[in-house]
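Here the structure comes first, spelled out in structure tokens, and everything after it is commentary.
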Amino acid sequence: MAASASSDAQLLKTPLHDLHVELGARMVPFAGYSMPVQYPAGLMAEHKHTRDAAGLFDISHMGQLRLVGPDAAAAFETLMPVDVIDLAPGKQRYGLLLNDEGGILDDLMFFNEGRGSIFVIVNGACKVADLAHVQQKIGARCDVQPMPEHALLALQGPQAVAALARLSPGIERFVFMTGGAVQIGGIPAFVTRSGYTGEDGFEISVAGKDAEALARLLLAQPEVKPIGLGARNSLRLEAGLCLYGNDIDTTTTPVEASLNWAIQKVRRAGGAREGGFPGAAKVLAQLAAATAGAAGRTDHDTLKRKRVGLVALERIPVRDGTVLQSFEGQDIGIVTSGLLGPTADRPIAMGYVATAFSEPGTRVQAIVRGKPVAMEVSTLPFVPTRYYRG
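Count along the sequence shown from 1, then add 110; that gives the number in my numbering.
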């Protein structure tokens with residue numbers, strides 16, 4: 111993950127860059143930014159601290175925007191296979207921008223602020239393309255407002271609520287995938303109870319000029335330590351969550367990615383607003399094939415592969431890019447994310463396999479440095495999630 115001096119000079123910096131350096135972070139290029147991969151305590155300690163207490167993540171490289179106007183929800187719904195129109199004010203939902211072939215342009219979070227305003231968070235590496243795509247497709251129907259002046263922090267872990275409530279009394283009233291405008295130690299912020307670790311926690315949008323002061327307030331709480339990208343990756347993989355560019359991209363559809371849960375009934379075949387999104391014919395056909403497969407009828411021609419969890423049966427980490435084979439030596443898939451799970455305490459991975467090999471308990475083999483490593487298809491997540499649902 112090293113970069114030359116010339117490319118380092120071209121990297122963007124988040125409002126917390128100087129604080130990361132002060133705290134001794136090892137900085138690496140990520141999504142065009144200089145970002146902390148770990149602090150002196152190291153990845154394992156940071157991972158464990160987030161599981162046991164509360165970790166503070168700088169995710170200001172991600173994109174933030176608002177869609178504003180009476181037609182914003184209906185317009186945004188035309189770009190995704192999810193229910194935007196019926197999302198109640200004060201609630202958040204996971205979404206997927208698709209291309210005309212049903213491939214995933216990006217995955218995102220969107221929040222209904224009420225009064226015709228939708229707050230959207232997209233991935234850092236995709237934000238320029240996403241903004242252009244949204245502006246081109248629905249810019250005539252609503253006001254697309256980028257928010258480059260805002261930073262984004264994530265406070266994650268079982269003690270996150272205690273730490274944040276000390277600075278923002280009443281924050282504990284929010285449950286998973288809800289939120290709103292608050293004051294944190296007198297600093298205006300917009301908070302949702304959500305995150306990317308599988309733990310309870312919050313994502314906090316704040317003006318860039320206030321980001322360092324807010325981060326210092328949070329880090330002053332006894333439960334909170336700074337956490338880098340390394341532990342963020344191991345936490346999200348144990349939670350079975352996709353990383354855009356690894357586990358999902360324009361070559362994968364939501365159904366292939368096993369994200370069927372993100373497509374509400376109202377957008378499916380027979381629903382009140384069936385289809386009407388890019389790639390709908392292909393995605394709905396694959397949904398039907400997945401349903402047939404769940405009922406014991408195979409339709410591998412329509413749905414040829416699926417994302418699955420994988421556990422190595424030997425203590426050998428299996429990294430992304432590793433080829434997966436049947437025990438007869440047939441290539442059947444590829445690993446997209448993999449590591450030795452710190453909490454799971456075993457080698458875990460996600461990847462795509464031919465649909466015939468996608469049932470939990472199925473044995474496959476990964477080819478690691480020319481040698482086969484036995485793996486078993488596993489249910490996800492690898493570590494139980496602990497979202498607070500009230």
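Even for Gly, the Cβ is constructed at its ideal location relative to N, Cα and C.
- In the three-state reduction of the DSSP assignment, residue 414 falls in the coil class.
- Judged by DSSP secondary structure, residue 316 falls within the beta strand (DSSP E) whose first and last residues are 311-317.
- Closest in C-alpha terms to residue 458, from the list 464, 273, 399, 446, comes 446.
- For residue 247, the enclosing alpha helix (DSSP H) starts and ends at 237-248.
- Using a Cβ-Cβ distance cut-off of 8 Å, the segment 381-393 and the segment 467-474 are not in contact, since fewer than three pairs of beta carbons, one from each stretch, lie closer than that value.
- The three-state secondary structure of residue 205, taken from DSSP, is strand.
- Taking C-beta atoms under 8 Å as the contact rule, residue 274 and residue 306 fail to qualify, at a distance of about 17 Å.
- For residue 182, the enclosing alpha helix (DSSP H) has its first and last residue at 182-187.
- Around residue 338, the same chain offers 135, 146, 147, 148, 149, 156 as residues with beta carbons nearer than 7 Å, after the five sequence neighbours per side are excluded.
- Our two residues, residue 394 and residue 324, have alpha carbons roughly 44 Å apart in a direct line.
- For residue 348, no beta strand (DSSP E) segment is defined; the enclosing uninterrupted segment is the alpha helix (DSSP H) at 339-348.
- Taking the CA atoms as reference points, residue 224 sits about 21 Å from residue 245.
- Following the DSSP letters along the chain, one finds residue 158 inside the alpha helix (DSSP H) bounded by residues 153-162.
- When Cβ pairs closer than 8 Å are counted between the two stretches, the segment 158-171 is seen to touch the segment 332-347, the count reaching three or more.
- A straight-line Cα-Cα distance of about 12 Å links residue 264 and residue 308.
- In terms of Cα proximity to residue 396, the closest of 429, 370, 484 is 370.
- Going by beta carbons, residue 208 and residue 190 fall inside the 8 Å limit.
- Closest in alpha carbon position to residue 127, among 204, 319, 174, is 319.
- Taking residue 142 as the centre and dropping the five residues before and after it, the same chain places the C-beta of 122 closer than 6 Å to its C-beta, in chain order.
- The C-beta distance from residue 287 to residue 315 rounds to 15 Å, too long to meet the 8 Å contact threshold.
- Taken through DSSP and simplified to helix, strand or coil, residue 425 comes out as coil.
- By the Cβ rule, the segment 254-264 counts as touching the segment 173-181, because three or more pairs are nearer than 8 Å.
- If you look at residue 271, you'll find it isn't in any beta strand (DSSP E); it sits in the alpha helix (DSSP H) that goes 270-277.
- Residue 492 sits close to residue 348, with the two beta carbons spaced by under 8 Å.
- According to the DSSP assignment, residue 260 belongs to the beta strand (DSSP E) that extends over 260-266.
- Within a 10 Å sphere around the beta-carbon of residue 199 sit fewer than 16 other beta-carbons, which makes this residue exposed.
- Closest in C-alpha terms to residue 411, from the list 398, 479, 178, comes 398.
- For residue 422, the number of other beta carbons within 10 angstroms of its own is at least 16, and it is reported as buried.
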